[in-house]
Amino acid sequence: MKKEYRLTFSLKMKLILLLGISVFMVTLLLSYFSWRQNYQNLEERFGLVLKHIAINTSLNIDGAGHSKILKNDDLRLPEFEKTHDYMQKVMKANYLTPETFYTFNITEDHKLKFAVMLHRTKFIGDIYTPPEFNRQYFEKVMQGKPTFTQIYEDEHGHWISGLSPIWHNDKVIGVVEADFRIEKFLDELYRQTLELILYSVAIMLASMAAAVFLGTKISRPIRELRDSAIRIVQGDLNFSLKVYGRDEIAELRKSFNQMLRSLNEKLLMMKYISPHTKRMIELQIQEPDSGTGQLRETVILFSDIRGFTSFSEKRSPQIVIRNLNTILAKQSEIIEKFGGDIDKFVGDQVIAVFDGPAAAKLAVNCAIEIQQMIISNKVNPEFDESLTVGIGIVAGEVVMGNIGSRDRKDFTLIGSTVNLGARICNAAKSFETLVTARIVQQYAAEENNTIFEKKGLLSAKGFSERIPVYSVLLAENSSPLKQEG
15 MKKEYRLTFS LKMKLILLLG ISVFMVTLLL SYFSWRQNYQ NLEERFGLVL
65 KHIAINTSLN IDGAGHSKIL KNDDLRLPEF EKTHDYMQKV MKANYLTPET
115 FYTFNITEDH KLKFAVMLHR TKFIGDIYTP PEFNRQYFEK VMQGKPTFTQ
165 IYEDEHGHWI SGLSPIWHND KVIGVVEADF RIEKFLDELY RQTLELILYS
215 VAIMLASMAA AVFLGTKISR PIRELRDSAI RIVQGDLNFS LKVYGRDEIA
265 ELRKSFNQML RSLNEKLLMM KYISPHTKRM IELQIQEPDS GTGQLRETVI
315 LFSDIRGFTS FSEKRSPQIV IRNLNTILAK QSEIIEKFGG DIDKFVGDQV
365 IAVFDGPAAA KLAVNCAIEI QQMIISNKVN PEFDESLTVG IGIVAGEVVM
415 GNIGSRDRKD FTLIGSTVNL GARICNAAKS FETLVTARIV QQYAAEENNT
465 IFEKKGLLSA KGFSERIPVY SVLLAENSSP LKQEG
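For the sequence shown, the numbering used here gives the first residue as 15, with consecutive numbering after it.
Quick look at the structure:
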């Protein structure tokens, strides 16, 4: 599959591009609107003048006489000469040229034929077909409404035309057209627009230079924040940022330092929280009602240190805590190795939870490895050999939920299964692991080995019936120590 590459920019470059593009777009829009406004003003100013020239001319033309001018032979008619002379005076007075001032007659089928023109070569009676872009204006003037065109372009240049109807007996019988070539004025307009664009480009470059300066000032402390965030990801929380000034970035750095302190506190607190409690917290953030209580099937392992009371009476607090932490840490490693979650430490006791279809097998194998660690004295060289463990494992339904007050809660397991596990653990002797019949059945479903020995019936406080319990054999040929499932 072809790898996709995405173009990325630094914050400084984004700021430079943002300011540069913004100034460029504003410049472009201002230049366009300025050019458009001047263009329309030019169009309207010349159009109105040409329209009034055409109107004044049409008012001084005799419609009846104008209708007689039909062919080149009619140029000697008094009507032609009179109109021609008048138009010549108008042309000179308004700086028009001979080829830009003429009249038309309108035929019965609404066609235009040249009538009076100031050209040396006459073409009276020739049909004139307006170009498509000017046809609407000729239709308007043939309806009796004087008008002027927009700026248009032909092979001779850019033009504006003024049009006015010639009347006879309340009927439009002809049209006066006055044209003006505005090439010079458009060139001046384009020159002014180009100057505006050049000035704007200079402003844009100055803005980009300012953006480089500002971008450097802004991006440097932000890069420091980024590098600090990377340090946090890598696990380094033992630092703080220097705070300069009172602007938003200074406030951000101050908040970052507060976050660092909070993370340090939470990291320390997380060591006191069990994995399934962490998951519950994450779930409850998304689903606030998730901590109200859940019924679930699980396997619970209770591991209690034997001889710890007499041991602690004869040792200093430092030795007691060191040995206790050593054995609890080793048990925790093994529990995690077999996929268990430590629910809590209660004094010298560990309570762990195993979930999933192979939970019973994992819990039993975990207990075997804990016992073999104690038997072989593989805790550490300083560990006191007088300390042993007794383990109880049960399976069944438990209630998981938040227990406690509004201000202090504990996410834990409750129910008869938990109580039974505690009773069985208390009944287990040193180096002994006791399990219920349900654990034996679930283990047998996963493993063919028979590693259990029936111990009899246990009378457990709080239970009306005696509970059959089994001891896990620690013989080497029946101790599957590898994690499976």
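Backbone N, C-alpha and C fix where the C-beta goes; we use that ideal spot for every residue, glycine too.
Just so it is clear, the structure is predicted and the values come from calculations on it, not from any experiment.
Check                                                                                                                                                                   : Outcome
Are Y48 and L210 close, meaning C-beta to C-beta below 8 Å?                                                                                                             : In the sequence on display, residue 48 carries Ser and not Tyr. Cβ distance < 8 Å, so S48 and L210 count as in contact.
Jot down the residue ranges of each uninterrupted beta strand (DSSP E) in the stretch 139-211, minimum 3 residues, whole runs only, in chain order.                     : 166-168, 171-182, 185-195
Classify E498: buried if its beta carbon has 16 or more other beta carbons within 10 angstroms, exposed otherwise.                                                      : At E498, the pLDDT of 34 sits below 50, so the modelled position is not reliable; the number obtained from the coordinates is stated separately. So E498 counts as exposed.
For F500, which of helix, strand or coil comes out of DSSP?                                                                                                             : Beyond the ends of the chain as shown, which are 15 and 499, falls residue 500; an answer cannot be given.
Taking the beta strand (DSSP E) that T323 belongs to, which residues open and close that run?                                                                           : Not the beta strand (DSSP E): T323 falls in the alpha helix (DSSP H), residues 322-327.
Thinking C-beta only, is G171 closer than 8 Å to R134?                                                                                                                  : no
Among I187, E197, Y151, P331, which residue has its Cα nearest to the Cα of L177?                                                                                       : Y151
I want to know whether the stretch 40-60 touches the stretch 81-90 - three or more CB-CB distances under 8 Å.                                                           : no
Determine, using beta carbons only, whether I356 and A381 come nearer to each other than 8 Å.                                                                           : no
Confirm, please, whether the CB-CB distance from V486 to T450 is below 8 Å.                                                                                             : no
Distance check for I465 and N491, CA to CA, integer angstroms please.                                                                                                   : Residue placement at N491 is poorly supported in this model, since its pLDDT is 39, which falls under 50; the coordinates are not used for a value here.
Sort out for me which residues DSSP pairs L315 with in a bridge.                                                                                                        : A366, I407
Helix, strand or coil, according to DSSP, for Y484 in the structure here?                                                                                               : strand
My understanding is that F118 touches G61, with C-beta atoms under 8 Å, so please give their C-beta distance in whole angstroms.                                        : Not confirmed; about 19 Å, so no contact.
Can you check DSSP and say which residues form a bridge with V449?                                                                                                      : I407, Y484
Relative to the alpha-carbon of D123, which residue among A264, T71, I141 has its alpha-carbon at the smallest distance?                                                : I141
Excluding the five sequence neighbours on either side, which residues of its own chain have a C-beta within less than 8 Å of the C-beta of I67, listed in chain order?  : V104, N108, L110, G176, A192
Of all the options F253, D362, Q386, S346, which has the alpha carbon lying nearest to the alpha carbon of F368?                                                        : S346
Between K159 and S36, what straight-line distance do the alpha-carbon atoms span, to the nearest angstrom?                                                              : 46 Å
Rounded to whole angstroms, what's the CA-CA distance from R267 to I428? Just pull it up for me.                                                                        : 45 Å
Would you kindly check if the distance between the Cβ of V360 and the Cβ of S317 is under 8 Å?                                                                          : no
So, with DSSP's three-state summary, where would you put D357?                                                                                                          : strand
State buried or exposed for I244, treating a residue as buried only when at least 16 other CB atoms are found within 10 Å of its CB.                                    : exposed
For the beta strand (DSSP E) containing N119, name the first residue and the last one.                                                                                  : 115-120
Excluding the five sequence neighbours on either side, which residues of its own chain have a C-beta within less than 6 Å of the C-beta of V334, listed in chain order? : S326
Using three-state DSSP, classify K136 as helix, strand or coil.                                                                                                         : coil
With H, G and I counted as helix, E and B as strand and the rest as coil, what does DSSP make of L309?                                                                  : strand
Which class does K127 belong to by DSSP, given the choice of helix, strand or coil?                                                                                     : strand
Pull up the distance between the alpha-carbon of G34 and that of M218, whole angstroms please.                                                                          : 6 Å
Using CA atoms only, rank isn't needed, just tell me which of L342, R320, I453, S419 is closest to V403.                                                                : R320
Please say whether I438 and L471 have beta carbons closer to each other than 8 Å?                                                                                       : no
Could you check if S250 is buried or exposed, using at least 16 other CB atoms within 10 Å of its CB as the buried criterion?                                           : Inspection of the sequence shows that residue 250 is occupied by Asp rather than by Ser. Exposed, since its Cβ has fewer than 16 Cβ neighbours within 10 Å.
Just to confirm, are P179 and S72 a CB contact at a threshold of 8 Å?                                                                                                   : yes
Would you mind stating whether L315 and A377 have Cβ atoms separated by less than 8 Å?                                                                                  : yes
Compute the Euclidean distance between the alpha carbons of I165 and K154, then round it to the nearest angstrom.                                                       : 17 Å
Give me the residue from L56, D261, Y204, V454 with the minimum Cα distance to V408.                                                                                    : V454
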